[in-house]
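Before any comments, here is the structure.
In this note's numbering, the protein residues as written are 452 to 572.
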């Protein structure tokens, strides 16, 4: 099993620092950052062994969700997220948009998938 959350977060931090600063989080957004828009949350949705050789998995199908919260037009940040994820060989599977009336923020939920080869152990 391979953990792709850290490489995704590191790449998003590097590729979006001019747009979101250091506000790329794993699993949850700290309370003190929840009102400081825009920010991103990354979470693994699935990690399934695939492609077996000699009864050992040689690849994993990875599903990652990237959530973006912003109070401005999300397109610039969303397009940059997409560029970074594609550079990591992830394919966008879907996008859903939600307007949060209590905060006035737009949330974009973007799901990606990739098949990742496992290193020999």
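Quick reminder that beta carbons are idealized off the backbone N, C-alpha and C, glycines included. Remember, predicted model here, so these are calculated numbers, not experimental data.
Alpha carbon of residue i to alpha carbon of residue j, nearest angstrom
| i | j | result |
| --- | --- | --- |
| residue 528 | residue 476 | 15 Å |
| residue 537 | residue 454 | 17 Å |
| residue 572 | residue 478 | Its pLDDT being 45, under 50, residue 572 is placed unreliably in this model, and the value from its coordinates should be taken loosely. Approximately 28 Å between the Cα atoms of the pair. |
| residue 485 | residue 549 | 16 Å |
| residue 457 | residue 492 | 12 Å |
| residue 469 | residue 463 | 11 Å |
| residue 570 | residue 510 | 9 Å |
| residue 494 | residue 540 | 17 Å |
| residue 460 | residue 514 | 14 Å |
Residue from the options with nearest C-alpha to residue i
| i | options | result |
| --- | --- | --- |
| residue 471 | 519, 510, 489, 513 | 489 |
| residue 534 | 523, 517, 505 | 517 |
| residue 465 | 481, 542, 531, 543 | 531 |
| residue 557 | 569, 566, 487, 496 | 487 |
| residue 526 | 480, 473, 559, 515 | 559 |
| residue 566 | 483, 542, 546 | 542 |
| residue 507 | 452, 513, 563 | 452 |
| residue 562 | 569, 570, 568, 545 | 545 |
| residue 480 | 514, 519, 459, 568 | 519 |
| residue 521 | 495, 474, 460 | 474 |
Three-state secondary structure assigned by DSSP to residue i
| i | result |
| --- | --- |
| residue 453 | coil |
| residue 563 | strand |
is_contact[residue i, chain B] using C-beta, thresh 7 Å
| i | result |
| --- | --- |
| residue 516 | The chain inventory of the structure shown lacks chain B, comprising one protein chain alone. |
Report task. Kindly confirm or deny that the stretch 549-557 and the stretch 496-503 touch, where touching means at least three C-beta pairs closer than 8 Å. Result -> no
Query - Contained alpha helix (DSSP H) runs [length at least 4] in the stretch 474-558, N- to C-terminal order - result: 526-538
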